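Chemist: Protein chains in written order, with the numbering used here: chain A, 1 to 182; chain B, 1001 to 1182. We put the beta carbon where it would ideally sit given N, CA and C, even for glycine. Fair warning: this is a prediction, and the values are worked out from it, not measured in the lab. Handing you this structure, nothing more for now.
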């Protein structure tokens, strides 16, 4: 969910610039998690802000994600999962955000967890490759500035190429999508 | 979670007796879900009460569940899952309830979902056998008045027999539990 369909990364950068000025450039964050480049007290302040669930209530939708998930849902059984237990107060706001921006996702197909090894699925599209280590299906990296150097998995750089990437990884499932493999 | 470690069933019966008098006996509910025996308007009122997350904040802990899960966690990787998406306002209260009563459960091992077919586990202990239909592991029924007639799965009637049942179903995992198979 975060950094894949909800622009949490952008909201974190906005928060940093608002509170601490533009000390973090896209270049400084290239290939690194935001929390890994912050001084300890700034990281603590950002975590405190994120522990207030309101941080997650109005995140921008990542471009193209609604159309792409709607298209995927025509061919596959679609679940949306978020490692929301890291910020428990985000549970309610995240649920409402999904209902508002992705009304076609069955609420019973929303999964809030912490350790995604518990997910039984053929495919997991995630910005954090750490979730793939014990995942039983195929991990697909969704590009975010922090994961540009991650290799070893298929990659979706933008949602408008998602169906093409999926049709290459799962040719049978997407056989009738009308999308040629890239 | 509900009716397995949290006594939601008892709280629902208490709510019915408080609001509508003792019209529902244990006998009337034997083998049936509470919602299946209520008149439409009473069912609607109960659902409304449950959509207020406070309903789930102070549920009694089911007898023996804390000791049993602590013992299981010594031998197995333990996750707690709840079909909480049916009552989205329960998400926050359920998380806090688990932290309070089951502090030894890693919060990253809490999973809130709707359709438990998404759970990748060797074993699922649940009062609702409907969750076993598409579950990839072994379902184990935890006894509740509504499921007394369910057959086809191993059954745990009380938490003090849980390790014995598990050691029969998964002899390798529980080999060193010190519990003899029943």
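Would residue 119 of chain A pass as an interface residue toward chain B - the criterion being a Cβ-Cβ separation below 9 Å?
Modeler: Closer than 9 Å: yes.
Chemist: Count the C-beta pairs between the stretch 1139 to 1157 of chain B and the stretch 133 to 147 of chain A that are closer than 8 Å, then say yes if the count reaches three, no if not.
Modeler: No: fewer than three Cβ pairs fall under 8 Å.
Chemist: Expressed to the nearest angstrom, what Euclidean distance is found between the alpha-carbon atoms of residue 1167 of chain B and residue 116 of chain A?
Modeler: Those two C-alpha atoms are separated by around 27 Å.
Chemist: How many Å lie between residue 1132 of chain B and residue 1154 of chain B at the Cα?
Modeler: In a straight line, the C-alpha of residue 1132 of chain B is about 12 Å away from that of residue 1154 of chain B.
Chemist: For the stretch 53 to 73 of chain A against the stretch 4 to 16 of chain A, do three or more pairs of beta-carbon atoms, one drawn from each stretch, fall closer than 8 Å, so that the two count as touching?
Modeler: Because the criterion of three Cβ pairs below 8 Å is met, the stretch 53 to 73 of chain A and the stretch 4 to 16 of chain A touch.
Chemist: Closest Cβ-Cβ distance between residue 83 of chain A and chain B: below 9 Å?
Modeler: It does; some Cβ of chain B falls within 9 Å.
Chemist: May I have the straight-line CA-CA distance separating residue 1088 of chain B from residue 87 of chain A, to the nearest angstrom?
Modeler: Near 16 Å, if we compare the C-alpha coordinates of residue 87 of chain A and residue 1088 of chain B.
Chemist: Give, in chain order, every residue of the stretch 105 to 132 of chain A whose Cβ lies closer than 8 Å to some Cβ of chain B.
Modeler: The residues in question are 106, 107, 108, 109, 110, 111, 112, 113, 114, 115, 117, 118, 119, 120 and 121.
Chemist: Hey, quick one: how far does the alpha helix (DSSP H) through residue 66 of chain A stretch, first residue to last?
Modeler: Unbroken alpha helix (DSSP H) run through residue 66 of chain A: 65 to 75.
Chemist: Taking the C-alpha atoms as reference points, what is the distance between residue 1024 of chain B and residue 63 of chain A?
Modeler: Cα to Cα, the separation comes out at about 53 Å.
Chemist: Does any residue of chain A have a CB that is nearer than 9 Å to the CB of residue 1140 of chain B?
Modeler: Judged by the 9 Å Cβ criterion, residue 1140 of chain B is not in contact with chain A.
Chemist: Whole angstroms is fine: what's the gap from residue 28 of chain A's alpha carbon to residue 42 of chain A's?
Modeler: Taking the straight line from one Cα to the other gives about 16 Å.
Chemist: Counting only Cβ pairs nearer than 8 Å, list the residues of chain B close to residue 89 of chain A.
Modeler: Here the neighbours are 1092.
Chemist: What is the DSSP secondary structure of residue 21 of chain A, counted as helix, strand or coil?
Modeler: In this structure, residue 21 of chain A counts as coil in the three-state DSSP scheme.
Chemist: List the residues of chain B whose Cβ lies closer than 9 Å to the Cβ of residue 35 of chain A, in chain order.
Modeler: Simply none; closest approach about 16 Å.
Chemist: When you compare only the Cα positions, how much space is there between residue 49 of chain A and residue 85 of chain A?
Modeler: Approximately 15 Å, taken between the alpha carbons.
Chemist: Any residues in the stretch 69 to 83 of chain A with a beta carbon nearer than 7 Å to a beta carbon of chain B? Which ones, in chain order?
Modeler: Of all residues in the stretch 69 to 83 of chain A, 79 have a Cβ within less than 7 Å of some Cβ in chain B.
Chemist: Should residue 103 of chain A go down as buried or exposed, given a rule of 16 or more other Cβ atoms within 10 Å for buried?
Modeler: The residue is exposed, with fewer than 16 neighbouring Cβ atoms inside 10 Å.
Chemist: Pop quiz: residue 185 of chain A and residue 1121 of chain B are said to be a contact at Cβ under 8 Å. What is the actual Cβ separation, rounded to whole angstroms?
Modeler: No information on residue 185 of chain A is available, as it lies outside the stretch 1 to 182 that chain A covers here.
Chemist: Taking buried to mean at least 16 other C-beta atoms within 10 Å of its own C-beta, is residue 1127 of chain B buried or exposed?
Modeler: The residue in question, residue 1127 of chain B, is buried, as its Cβ has 16 or more Cβ neighbours within 10 Å.
Chemist: With distances taken between CB atoms, is the gap from residue 140 of chain A to residue 163 of chain A smaller than 9 Å?
Modeler: Taking 9 Å as the Cβ cut-off, residue 140 of chain A and residue 163 of chain A do not qualify as a contacting pair.
Chemist: Got a sec: which bits of the stretch 156 to 174 of chain A sit with their beta carbon under 8 Å from any beta carbon on chain B, in order along the chain?
Modeler: Listed by position along the chain: nothing, the set is empty.
Chemist: In terms of residue numbering, what span does the alpha helix (DSSP H) encompassing residue 1048 of chain B cover?
Modeler: Looking at the DSSP string, the run of the alpha helix (DSSP H) that includes residue 1048 of chain B is 1040 to 1051.
Chemist: By Cβ distance below 8 Å, which residues in the same chain neighbour residue 1111 of chain B in space, the five residues on each side in sequence not counted?
Modeler: Same-chain partners within the cutoff: 1079, 1080, 1081, 1082 and 1119.
Chemist: Which one of B/1068, B/1017, B/1005 and B/1106 has the shortest CA to CA distance from residue 1061 of chain B?
Modeler: Here the closest residue by C-alpha is B/1005.
Chemist: Is residue 56 of chain A near the ligand NAP, with its Cβ less than 8 Å from a heavy atom?
Modeler: The model depicted lacks the ligand NAP and carries no ligand whatsoever.
Chemist: Using only CA atoms, which one of B/1134, B/1129 and B/1138 lies nearest to residue 1032 of chain B?
Modeler: That would be B/1129, whose Cα lies nearest to the Cα of residue 1032 of chain B.
Chemist: Residues in the same chain with beta-carbon distance under 6 Å from residue 1016 of chain B, minus the five sequence neighbours each way, listed in chain order, please.
Modeler: If we look at residue 1016 of chain B and ignore the five residues flanking it on each side, its Cβ neighbours are 1024.
Chemist: Leaving out five residues before and five after residue 1109 of chain B in sequence, what residues of the same chain have Cβ atoms less than 6 Å from its Cβ?
Modeler: For residue 1109 of chain B, where only same-chain residues beyond five positions count, the Cβ hits under 6 Å are 1079.
Chemist: Take residue 1101 of chain B and list the residues in its own chain whose beta-carbon comes closer than 7 Å to its own, dropping the five residues that flank it on each side.
Modeler: Closer than 7 Å at the Cβ level, and outside the excluded window around residue 1101 of chain B, lie 1061 and 1066.
Chemist: Give me the Cβ distance between residue 114 of chain A and residue 1107 of chain B, rounded to the nearest whole Å; I'm assuming they're in contact under 8 Å.
Modeler: Indeed, because the Cβ distance is near 6 Å, the residues count as touching under 8 Å.
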